[in-house]
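Student: Handing you a structure now.
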Amino acid sequence: MTIGEYNSCVDNFSDNIFRFILKNIKDEDKAKDIIQDTYEKMWMKVDTVSFEKARSYLFTTAYHTMIDLLRKEKRIVDFNSIKPDNYSHNEQYNDLNEVLHQAVNKLPDAQRAVIMLRDYEGYTYEEISEITGLNEIQVKVYIYRGRMFLKNYIGKLETVI
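Going by our numbering, the sequence shown opens with residue 4, and the numbers climb by one from there.
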């Protein structure tokens, strides 16, 4: 990859990667750090990464960097302290987008990541599998479970609208 191609990758992909990371960790400064680390890792391997595979490489590296950060900061939560009320709502909203964002934020990290890659970024199951390191069947299972959670959380569309 040439320096021009690398700069093109920064211009073309950094916003999408930033949105993906920010949606998952909800901390703008940490998201910026992850993006910077991702591009640094790509710069270290600029001779071995082809320009055609750069987008996939960047998303994969950003995803794994995010997972490493989340694992480092992960707190152990007592399962008995989880309240079912936190995973459902019965309020009536007029803003479907707000309800959807609240629901997505309640998903486990892995499910949120694969749903974001599939439904927001438009990746195929195979591409998501490559990015996350999960096998394709596990990606499908996470997407299914995440969508079912979202469906149950949101409930009937009539109650939201």
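We treat Cβ as the ideally placed atom computed from N, Cα and C, and that holds for glycine.
Using CA coordinates, which residue listed in 107, 76, 59 and 120 is at the minimum distance from residue 154?
Tutor: Among 107, 76, 59 and 120, the Cα nearest to that of residue 154 belongs to 107.
Student: Do the segment 45 to 54 and the segment 108 to 127 make contact, defined as three or more Cβ pairs closer than 8 Å?
Tutor: Segments in contact, no.
Student: Would a C-beta distance cut-off of 8 Å place residue 133 and residue 63 closer than the cut-off?
Tutor: For residue 133 and residue 63, yes; Cβs fall inside 8 Å.
Student: Nearest to residue 114 by CA position, among 105, 103 and 148, is which residue?
Tutor: The shortest C-alpha separation from residue 114 is found at 148.
Student: Going by CA-CA distance only, name the one from 152, 122 and 38 that's closest to residue 65.
Tutor: Among 152, 122 and 38, the Cα nearest to that of residue 65 is on 38.
Student: Should residue 68 be labelled buried (16 or more other beta-carbon atoms within 10 Å of its own) or exposed?
Tutor: Result: buried.
Student: Let me confirm a value: residue 131 is counted as buried when at least 16 other C-beta atoms fall within 10 Å, else exposed. Which label applies?
Tutor: Classification for residue 131: buried.
Student: Indicate the three-state DSSP secondary structure (helix, strand or coil) for residue 112 in the structure shown.
Tutor: Helix, per DSSP.
Student: In the DSSP assignment, the alpha helix (DSSP H) including residue 132 goes from what residue to what residue?
Tutor: Note, residue 132: alpha helix (DSSP H), 128 to 135.
Student: Do the CB positions of residue 52 and residue 60 come within less than 8 Å of each other?
Tutor: For residue 52 and residue 60, yes; Cβs fall inside 8 Å.
Student: Label residue 1 either buried or exposed according to how many other C-beta atoms from any shown protein chain fall within 10 Å of its C-beta, with 16 as the threshold for buried.
Tutor: Any property of residue 1 remains undetermined from this structure, which presents the chain solely from 4 to 164.
Student: If residue 109 and residue 156 are in contact, beta carbons under 8 Å, what's the gap, nearest whole angstrom?
Tutor: Rounded, the Cβ-Cβ distance is 7 Å, consistent with contact.
Student: What three-state label does DSSP hand residue 124 in the structure shown?
Tutor: In the structure shown, residue 124 sits in coil (DSSP, three-state: anything other than H, G, I, E or B).
Student: Please list, in chain order, all residues of the same chain as residue 8 whose beta carbon is under 6 Å from its beta carbon, the five residues on each side excluded.
Tutor: Hits under 6 Å: 54.
Student: What residue range is occupied by the uninterrupted alpha helix (DSSP H) comprising residue 149?
Tutor: Residue 149 -> alpha helix (DSSP H) spans 139 to 157.
Student: For residue 75, which of 28, 121, 15 and 101 has the nearest alpha-carbon?
Tutor: That would be 28, whose Cα lies nearest to the Cα of residue 75.
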